[in-house]
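Enquirer: Numbering (full-length UniProt numbering), first residue to last: 1 to 145.
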Amino acid sequence: MKAINNISAGLAGAVVLNILHESAKRFFPNAPRVDLVGEEALSGILESAGIEPPKGNALYAATLAADVVSNALYYSLIGAGKKENVLLRGAGIGLAAGIGALTLTKPLGLNDAPVNRTNTTKALTVAWYLVGGLVTALVIKGTNK
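#1: So, with DSSP's three-state summary, where would you put residue 136?
#2: To the nearest whole angstrom, what separates the beta carbons of residue 14 and residue 68, a pair I think is in contact under 8 Å?
#3: Ignoring anything shorter than 4 residues, give me the alpha helix (DSSP H) runs that lie fully in the segment 16 to 92, in order along the chain.
#4: Out of curiosity, what's the CA-to-CA distance linking residue 64 and residue 102?
#5: Rounding to the nearest angstrom, what Cα-Cα distance links residue 46 and residue 108 in this structure?
#6: What are the boundary residues of the alpha helix (DSSP H) that includes residue 144?
#7: Return yes when the Cβ of residue 129 is within less than 7 Å of the Cβ of residue 94, no when it is not.
#8: Quick one: what does DSSP say residue 107 is sitting in, helix, strand or coil?
#9: Pull up the distance between the alpha-carbon of residue 133 and that of residue 9, whole angstroms please.
#10: Where does residue 121 fall in DSSP's three states?
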């Protein structure tokens, strides 16, 4: 039962993260474009497996789905460990994801401009992953009562 609660909470954090990303890119020119990094990564993975990647809206939808699932699973790790440390773990895991988004793109052979183009872009990237981690922690905390 705990695993289901943690995954559900991770899904809540992942959904909030993606709502932030998707909403902000429509209104702010310096918003992070994690969707572009994800599309590049998914296309590369599929091509290296000998599979023709989807294009246009199909690629966008596949990337969004993969992003939500992977972030939900990652954020579900926040529920591991002592209940009293859940907020601290949420913050730590969220910050680690945000910093990873900034620092791992280039070493993975991906274009890092969508998340590193300005200091505002960098700050928002880290902040939104932090929010996702904290949302997950709060949901876990709420469901453990």
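Every residue, glycine too, gets a C-beta built ideally from N, C-alpha and C.
On a predicted model such as this, the values are computed, not experimentally measured, just so you know.
Expert: Taking the coordinates as given:
#1: helix
#2: 5 Å
#3: Segments of the alpha helix (DSSP H) lying fully in the segment 16 to 92: 34 to 48, 56 to 76.
#4: 19 Å
#5: 15 Å
#6: Residue 144 -> no alpha helix (DSSP H), and no H or E assigned at all.
#7: yes
#8: coil
#9: 10 Å
#10: helix
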